[in-house]
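All remarks here apply to the structure that follows.
Chains as they are written, first to last, in this note's numbering: chain A, 33 to 106; chain B, 14 to 286.
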């Protein structure tokens, strides 16, 4: 199945902005995080198809995930 | 805002002086003559279809009724640094009638690259005091109180009548405290946070626990290694004020409106949380 991965802000550094990956059925968000070498605790906002999701979420063909790092300054 | 007697008094003066245009000079003169606040006189003008000159360029974007609503609104700005300085500036110019500013810090040299209220002359001054001075320079009609206090130590009276709070803090712990406090008060929060070229803004409705969800046990964000360049706070603050004014004017749906922006790539993302 195909999953689109959208990275934001610092997550793009040394990685990419947007890619489509061919992945086996049953792949979870956490599997993608592991391959990206992003720890779940580094992610502030995790979206699947634009909606809030958990790392344990099992993905379906055509899903897209968006990852945002934490921003806390003022 | 005005008693019947005060309205009669102002009505007589407006008729006597044949007032068609409300200038700053005239407002000050009437204030001296009647002992009424400039804000009350501006309010009376708006009620009678006369836009104070200082708000003329707001109209078209705000209606007269909207401008009147802003003039009677009371908001709190928590944090008067990068975000808070610009937020305060824009609220004063918009004519938001009462602003409570909160910050325990004094200016230091590392603030000079981005904080509107920071100047070489103001180093060492309390941010809350400088905020009051700045507000008075821009718009004397706005009532600004400054608390040189940590948000956690704010006296209960400071929260009185506040209908909207701007979260311009720079640390996650205090943000989570503020979210809980706002929830207990039933007051919405306009959240803003920045780091490097990036920032996020949104409305935190009471009970949504949005900040607790985003930050969890986290203590720091990407600002720790990206710093805070000059332009990001101004952009985030303007989004925050636009959101806040829209909320005060009743133009916002009660959905979780949250946005992430990237000034390096000029991107803007709406996020559904």
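Every residue gets a Cβ at the ideal spot worked out from N, C-alpha and C, and that includes glycine.
Q) Is DSSP giving residue 166 of chain B helix, strand or coil here? A) Walking along the second chain from the start, residue 166 of chain B turns up at place 153. Looking at residue 166 of chain B - three-state DSSP - the assignment turns out to be helix.
Q: List the DSSP bridge partners of residue 99 of chain B.
A: The residue you call residue 99 of chain B lines up with position 86 of the second chain. Paired residue(s): none; residue 99 of chain B is not in a bridge.
Q. Between the stretch 76-96 of chain B and chain A, which residues of the former have CB atoms less than 7 Å from a CB of the latter, in chain order?
A. 92, 94, 95 and 96
Q.
Our contact map puts residue 37 of chain B next to residue 59 of chain B with C-beta atoms below 8 Å; I'd like the distance itself, whole angstroms only.
A. Stepping through the second chain from its first residue, residue 37 of chain B is reached at position 24. Stepping through the second chain from its first residue, residue 59 of chain B is reached at position 46. At roughly 15 Å, the Cβ-Cβ gap does not stay under 8 Å, so residue 37 of chain B and residue 59 of chain B are not in contact.
Q.
Taking 8 Å as the cut-off, does the stretch 186-204 of chain B touch the stretch 143-150 of chain B (at least 3 CB pairs, one atom from each stretch)?
A. no
Q.
Within 10 Å of its beta-carbon, does residue 213 of chain B have 16 or more other beta-carbons around it, so buried, or fewer, so exposed?
A. Taking the second chain and counting its residues from 1, the one referred to as residue 213 of chain B is at position 200. Counting Cβ neighbours within 10 Å, residue 213 of chain B comes out buried, since at least 16 surround it.
Q: Using three-state DSSP, classify residue 107 of chain B as helix, strand or coil.
A: Working through the second chain from its first residue, we reach residue 107 of chain B at position 94. If DSSP states are grouped into helix, strand and coil, residue 107 of chain B belongs with the helices.
Q) Hey, is residue 101 of chain A's beta-carbon within less than 8 Å of any beta-carbon in chain B? A) Residue 101 of chain A sits at position 69 when you count from the first residue of the first chain. Yes, contact with chain B.
Q | residue 44 of chain B versus residue 171 of chain B - alpha carbon distance | A | By one-based count along the second chain, residue 44 of chain B stands at place 31. By one-based count along the second chain, residue 171 of chain B stands at place 158. Near 26 Å, if we compare the C-alpha coordinates of residue 171 of chain B and residue 44 of chain B.
Q: In the DSSP assignment, find the unbroken alpha helix (DSSP H) run with residue 248 of chain B in it and report its ends.
A: The residue given as residue 248 of chain B occupies position 235 in the second chain. Segment 244-261, the alpha helix (DSSP H) holding residue 248 of chain B.
Q: Please classify residue 70 of chain A: does DSSP put it in a helix, a strand, or coil?
A: For the purposes of this step, residue 70 of chain A is taken as the residue at position 38 of the first chain. Of the three classes helix, strand and coil, the one that applies to residue 70 of chain A here is coil, per DSSP.
Q. On the three-state DSSP scale, how would you describe residue 91 of chain A?
A. Along the first chain, read from residue 1 onward, the residue named residue 91 of chain A stands at position 59. DSSP places residue 91 of chain A in coil when its eight states are reduced to three.
Q | Every unbroken alpha helix (DSSP H) inside the stretch 126-179 of chain B [4 residues or more] | A | 140-151
Q: Step through the CB atoms of chain A and report whether any lies within less than 8 Å of the CB of residue 126 of chain B.
A: Translated into the one-based positions of the second chain, residue 126 of chain B becomes position 113. No, its Cβ sits nowhere closer than 8 Å to a Cβ of chain A.
Q. What residue range is occupied by the uninterrupted alpha helix (DSSP H) comprising residue 43 of chain A?
A. If you number the first chain from 1, residue 43 of chain A lands on position 11. Where residue 43 of chain A is concerned, there is no enclosing alpha helix (DSSP H), given that its DSSP letter is neither H nor E.
Q. Within the 8 Å Cβ cut-off, does residue 84 of chain A reach chain B?
A. Taking the first chain and counting its residues from 1, one reaches residue 84 of chain A at position 52. So, interface residue.
Q.
Counting only Cβ-Cβ distances shorter than 9 Å, please list the residues of the stretch 196-217 of chain B near chain A, keeping chain order.
A. 205, 206, 207, 208, 209, 210, 211, 212 and 213
Q: Could you work out which residues of chain D lie near residue 236 of chain B, taking near to mean beta carbons separated by less than 7 Å?
A: Of the chains in the structure shown, none is chain D; the protein chains are A and B.
Q. Residue 79 of chain A versus chain B: which residues are under 7 Å apart at the beta carbon?
A. As a position in the first chain, residue 79 of chain A is number 47, starting the count at 1. Simply 284.
(Q) Beta-carbon within less than 8 Å of residue 88 of chain A's beta-carbon, same chain only, minus the 5 sequence neighbours each way: which residues are those? (A) The count along the first chain starts at 1 and reaches residue 88 of chain A at position 56. Cβ neighbours of residue 88 of chain A beyond the five flanking positions: 60, 61 and 62.
Q | Candidates B:200, B:40, B:112 and B:96, of which the one nearest residue 86 of chain B by Cα | A | Counting from one through the second chain, the residue named residue 86 of chain B turns up at place 73. Closest by alpha carbon: B:112.
Q. Should the stretch 100-120 of chain B be regarded as contacting the stretch 64-77 of chain B, the criterion being three or more beta carbon pairs within less than 8 Å?
A. yes
Q.
On the CB-based measure, 16 or more other CB atoms within 10 Å of its CB, does residue 149 of chain B come out buried or exposed?
A. Looking up residue 149 of chain B in the second chain gives position 136. Residue 149 of chain B should be labelled exposed.
Q. Near residue 220 of chain B, which residues of its chain fall below 8 Å by C-beta distance, leaving aside the five closest residues on each side in sequence?
A. For the purposes of this step, residue 220 of chain B is identified with residue 207 of the second chain, where counting begins at 1. Same-chain partners within the cutoff: 196.
Q. Going by the CB atoms, is the gap between residue 185 of chain B and residue 203 of chain B shorter than 8 Å?
A. Looking up residue 203 of chain B in the second chain gives position 190. Looking up residue 185 of chain B in the second chain gives position 172. Going by C-beta atoms, residue 203 of chain B is not nearer than 8 Å to residue 185 of chain B.
Q: Under the assumption that residue 205 of chain B contacts residue 253 of chain B (Cβ atoms under 8 Å), give the Cβ distance between them as a whole number of angstroms.
A: Taking the second chain and counting its residues from 1, the one referred to as residue 205 of chain B is at position 192. Taking the second chain and counting its residues from 1, the one referred to as residue 253 of chain B is at position 240. With 8 Å as the limit, residue 205 of chain B and residue 253 of chain B qualify as a contact, their Cβ atoms being about 4 Å apart.
Q) CA-CA distance, residue 85 of chain A and residue 273 of chain B? A) The count along the first chain starts at 1 and reaches residue 85 of chain A at position 53. The count along the second chain starts at 1 and reaches residue 273 of chain B at position 260. Spanning the two alpha carbons is a distance of roughly 17 Å.
Q) Does DSSP put residue 281 of chain B in a helix, in a strand, or in coil? A) Along the second chain, read from residue 1 onward, the residue named residue 281 of chain B stands at position 268. In the structure shown, residue 281 of chain B sits in a strand (DSSP, three-state: E or B).
Q.
With DSSP as the reference, identify every bridge partner of residue 66 of chain B, one or two as the case may be.
A. Locating residue 66 of chain B in the second chain gives position 53, where the first residue counts as 1. DSSP output for residue 66 of chain B lists no bridge partner at all.
(Q) Taking 8 Å as the threshold (beta carbon to beta carbon), is residue 231 of chain B in contact with chain A? (A) What you label residue 231 of chain B is simply residue 218 of the second chain in a count that begins at 1. Yes, residue 231 of chain B counts as interfacial toward chain A.
Q) Apart from the five residues just before and just after residue 267 of chain B, which ones in its own chain have a Cβ nearer than 8 Å to its Cβ? A) Taking the first residue of the second chain as 1, we reach residue 267 of chain B at position 254. Cβ neighbours of residue 267 of chain B beyond the five flanking positions: 218.
Q) Who pairs with residue 213 of chain B in a beta bridge, going by DSSP? A) Indexing the second chain from 1 puts residue 213 of chain B at position 200. B:206 and B:273.
Q | Per-residue burial, residue 62 of chain B [other beta carbons within 10 Å of its own, 16 or more giving buried] | A | Here residue 62 of chain B refers to the residue found at position 49 when the second chain is read from its first residue. Per the 10 Å Cβ criterion, exposed.
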